[in-house]
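Here's the structure we're looking at; comments come further down.
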Amino acid sequence: MTCTSPKGTLRNPVPTEPHRMTQEPTSLLPVWARAPTRRPKTTRRHPLHLHEAAMEEEGADHRPPSSSSSSGGRGFLSGLCAAALRRKPISAHAAHAASGEGLVRQLGVFELVLLGIGASIGAGIFVVTGTVARDAGPGVTISFVLAGAACVLNALCYAELASRFPAVVGGAYLYTYAAFNELTAFLVFTQLMLDYHIGAASIARSLASYFVQFLELIPFLKGHIPTWIGHGEEFFGGVVSVNILAPILLIILTTILCYGVKESSAVNTFMTTLKIVIVIVVVFAGVFEVDVSNWSPFMPNGFKSVVTGATVVFFAYVGFDAVANSAEEAKKPQRDLPIGILGSLLACVLLYVAVCLVITGMVPYTLLGEDAPLAEAFAAKGLKFVTVLISIGAVAGLTTTLLVGLYVQSRLYLGLGRDGLLPSIFAKVHPTRHTPLHSQIWVGCVAAVLAGLFNVHELSHILSVGTLTGYSVVSACVITLRWNDKTTSRRSLGNMSIWQEGVLCLVIIALCGFVAGMCYRFSYATAFMIIALLIAVAAGFALQFRQNVRTGEEFRTVLVFDTAAEEFRTMRRPCDYSQDAGLTDQLIGVHGTMAASSYDADNDGVLALWLLRDYDEEAWESVYRVAAGFLGDAAGTMGFFVAHVYVDPPGFSCPGVPIVPMVSVFFNMLLFAQLHEEAWYRFVILSLLAVGVYAGYGQYHAVPSSSDPHPAVAYHGIPSEAP
Numbered sequence: 001m002t003c004t005s006p007k008g009t010l011r012n013p014v015p016t017e018p019h020r021m022t023q024e025p026t027s028l029l030p031v032w033a034r035a036p037t038r039r040p041k042t043t044r045r046h047p048l049h050l051h052e053a054a055m056e057e058e059g060a061d062h063r064p065p066s067s068s069s070s071s072g073g074r075g076f077l078s079g080l081c082a083a084a085l086r087r088k089p090i091s092a093h094a095a096h097a098a099s100g101e102g103l104v105r106q107l108g109v110f111e112l113v114l115l116g117i118g119a120s121i122g123a124g125i126f127v128v129t130g131t132v133a134r135d136a137g138p139g140v141t142i143s144f145v146l147a148g149a150a151c152v153l154n155a156l157c158y159a160e161l162a163s164r165f166p167a168v169v170g171g172a173y174l175y176t177y178a179a180f181n182e183l184t185a186f187l188v189f190t191q192l193m194l195d196y197h198i199g200a201a202s203i204a205r206s207l208a209s210y211f212v213q214f215l216e217l218i219p220f221l222k223g224h225i226p227t228w229i230g231h232g233e234e235f236f237g238g239v240v241s242v243n244i245l246a247p248i249l250l251i252i253l254t255t256i257l258c259y260g261v262k263e264s265s266a267v268n269t270f271m272t273t274l275k276i277v278i279v280i281v282v283v284f285a286g287v288f289e290v291d292v293s294n295w296s297p298f299m300p301n302g303f304k305s306v307v308t309g310a311t312v313v314f315f316a317y318v319g320f321d322a323v324a325n326s327a328e329e330a331k332k333p334q335r336d337l338p339i340g341i342l343g344s345l346l347a348c349v350l351l352y353v354a355v356c357l358v359i360t361g362m363v364p365y366t367l368l369g370e371d372a373p374l375a376e377a378f379a380a381k382g383l384k385f386v387t388v389l390i391s392i393g394a395v396a397g398l399t400t401t402l403l404v405g406l407y408v409q410s411r412l413y414l415g416l417g418r419d420g421l422l423p424s425i426f427a428k429v430h431p432t433r434h435t436p437l438h439s440q441i442w443v444g445c446v447a448a449v450l451a452g453l454f455n456v457h458e459l460s461h462i463l464s465v466g467t468l469t470g471y472s473v474v475s476a477c478v479i480t481l482r483w484n485d486k487t488t489s490r491r492s493l494g495n496m497s498i499w500q501e502g503v504l505c506l507v508i509i510a511l512c513g514f515v516a517g518m519c520y521r522f523s524y525a526t527a528f529m530i531i532a533l534l535i536a537v538a539a540g541f542a543l544q545f546r547q548n549v550r551t552g553e554e555f556r557t558v559l560v561f562d563t564a565a566e567e568f569r570t571m572r573r574p575c576d577y578s579q580d581a582g583l584t585d586q587l588i589g590v591h592g593t594m595a596a597s598s599y600d601a602d603n604d605g606v607l608a609l610w611l612l613r614d615y616d617e618e619a620w621e622s623v624y625r626v627a628a629g630f631l632g633d634a635a636g637t638m639g640f641f642v643a644h645v646y647v648d649p650p651g652f653s654c655p656g657v658p659i660v661p662m663v664s665v666f667f668n669m670l671l672f673a674q675l676h677e678e679a680w681y682r683f684v685i686l687s688l689l690a691v692g693v694y695a696g697y698g699q700y701h702a703v704p705s706s707s708d709p710h711p712a713v714a715y716h717g718i719p720s721e722a723p
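Once you know that position 701 of the sequence shown is 701 in UniProt numbering, the rest is easy, because the numbers rise by one and skip nothing.
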């Protein structure tokens, strides 16, 4: 074996002096590797690149089991569990997007910001602001600020992961696949996709209705457009609701998306810019009609109504996560994706707050209407031309929301098609248009059927489940992906590994958030809410303490090579870096892996290697050989001090980890408790159906390794594999 160090090239640098060692050791592996009860060999995602065979073995560890191997030697359930716990192996090197059949990088930071704004702000900015103000009063402004602050927590988590995985589409599904396991990622996808499908159909019907209302501004068309064209006409007792215009609009937008991302981005840029300009004009027109006396009292129904309003308007910000799904089409994804996510969200907060201040200042909150409060407020002031602008802005807003929603759906289907969890037809990308043609047509057809035949507005109360699920899991992914060591050999509570303990803490925080939300919703005793909050805080402290331990600041695992016994011995000792103050620090390269080394000539040649990661037995042998060659014949006792370093991710880093993600998980689950109870039933039923689909199809066809034929699929490195 040849190793390279700052001292030069070394060949078999094991000390051979007679008084030190009478013969060259036959094995330099740790003692547990040579014992009769040999530990099962684990392959890390960041091994020392010793030879080509080791790399091939690493890839083989993640190949999906075939149906024959699953059925032979183990039962169906054991095979299902083994497949469900697979994680997406992430290459340690970021690859460049390739030409050919891959997606092309054409979106700059400006287009990404407008993509997020277009997905978030629809017609709701002209409606929901007034409807919530009827209960919260002028305090609706605080409601939007609180909801925006809560969304910023989620946006920070999305921004870190989007910067960490800048090369591929997938969003929340991809992050879950890398951080947790295959089945959890598939469940997140199904929950999100149902929201997207029903939401697209509902928005299409609303767009058709607004479009008809806009046409009826023309005098000779007013009252002459049949209801089945845009508003919907019910048949068979309301089971079927025919709407002709909604599918037509969906076909037009799907065609634009199929044509190319550059063309669809241009449409979104134009419509979003038009929408923003209209909102700004409406705000400036209303500023001159504001009566500050209408802002008093600011919170007429108390702070609780403001908090309740925040739980309602939270979903008005939903959409910034769409930017994360454009990772493979962004020009500079690692830099631009965080800017697009956070920039679009902050812009939405400013626009919503401005509209709230204007509408509550123009008209007393008690006089605001329910259907079109902003338009009615301007009409009451004699500014009817503004109502025309509001109608145009509503059409533009719904158009961009629908366009971006269809775009995101197709990219999610593309990701699952590549990973084998869905048929491979969804993974095909048009060679010249560079769009996922089949995925795009599929999502357009599903939305067109739902919008054309059913009144999906009736299903609006079961939406937002996928959004909150995705937000919660993404926040948890930020924490788990920051854990540098996920080895199963280290135990914390009985038979539970430290990684499992951390996941348990996250689950406890989520459950406490749900319990606190239930207490708030049904006005239970405040004591129960406080208890749930305290338990969540305790779990958070446990999680924080656990991470500090893993940074190597509390203890060291010491591997000492005994030259007489020709074996490694293991022991643990508290970390006291002050004892190493007299050591001479240097940097040596161990097959491309940097390790801080210290050599104390006065201490019988003790070499301390503070490694950045854990390695397998072969890696330890290589480390020993380099260390022995570095010390030469002076090698007596070798101490390998392993420090598990808390590694910051590449690119954008979410501040305050793990506190910010933990608060995000808690608040998301608190909002989950505010949803309609039918939404909970939908979550459980859809999850069971998704498990069935995965058991029958996904586990046999999934390809979690990076063996995708599309060379553009590449990922940034993540820590080693979880159990």
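Ideal placement from N, C-alpha and C gives every residue a C-beta, glycine not left out. Being a predicted model, the structure only gives us computed values, none of them experimental.
Residue state for Phe270 is assigned as helix, using DSSP reduced to three classes.
Residue burial is scored here from C-beta neighbours: Pro247 has at least 16 other C-beta atoms within 10 angstroms and is therefore classed as buried.
Between Gly397 and Ile125 a beta carbon distance of about 7 Å is seen, short of the 8 Å cut, so the two are scored as contacting. Contact between Gly452 and Val212 is absent: CB atoms are separated by about 15 Å, not below the 8 Å threshold. Taking a cut-off of 8 Å on C-beta distances, the stretch 141–161 touches the stretch 338–351, as three or more cross pairs fall below it. Under the DSSP assignment, Val132 falls outside any beta strand (DSSP E), being part of the alpha helix (DSSP H) whose first and last residues are 128–136. Of Val363, Met496, Arg682, Val306, the smallest CA-CA separation from Ile142 is found for Val306. Judged by beta-carbon spacing, Val323 lies within the 8 Å limit of Leu112, meaning their Cβ atoms are closer than that value.
Scanning the stretch 321–362 for uninterrupted alpha helix (DSSP H) segments of 4 residues or longer gives 333–362, listed from N- to C-terminal end. For Ser241, the enclosing beta strand (DSSP E) covers residues 240–242.
Taking the C-beta atoms as reference points, Ala516 is found nearer than 8 Å to Leu533. For Glu234, the enclosing beta strand (DSSP E) starts and ends at 233–235. Rounded to whole angstroms, the separation of the alpha carbons of Gly698 and Arg86 is 12 Å. Shown here, Ser497 sits in a strand according to DSSP, grouped into three states. For Cys512, the CB contacts under 6 Å within the same chain, skipping 5 residues up- and downstream, are Ala532, Ile535, Ala536 in chain order. Out of Val691, Lys222, Val503, the CA that lies nearest to the CA of Ser475 is found in Val503. Shown here for Ala347: same chain residues with a beta carbon closer than 6 Å to its own, the five before and five after excluded, namely Ile117 in chain order. As the crow flies, the alpha-carbon of Ile225 is around 20 Å from that of Phe454. Across the structure, Thr273 and Gly692 are spaced so that their CA atoms are roughly 44 Å apart.
The beta carbon of Tyr365 lies closer than 7 Å to those of Ala133, Arg134, Gly137, Pro138 in the same chain, with the five residues before and after it left out.
Arg205 sits away from Gly237, with the two beta carbons spaced by 8 Å or more. In this structure, Phe186 and Leu421 form a Cβ contact; the two beta carbons are roughly 6 Å apart against a cut-off of 8 Å. Cβ contact annotation for Tyr524 (same chain, cutoff 8 Å, sequence separation greater than five): Met518, in chain order. Thr308 and Ala327 have their C-alpha atoms spaced approximately 35 Å apart. Sequence-distant partners of His701 (beyond 5 residues in either direction) whose C-beta falls short of 6 Å from its own C-beta, in its chain, are Gly420. DSSP places Leu250 within a helical segment (H, G or I) once states are collapsed to three.
Judged by their CB atoms, His438 and Val104 are not nearer to each other than the 8 Å cut-off. For Pro661 and Ala310, the gap between their C-alpha atoms comes out near 19 Å.
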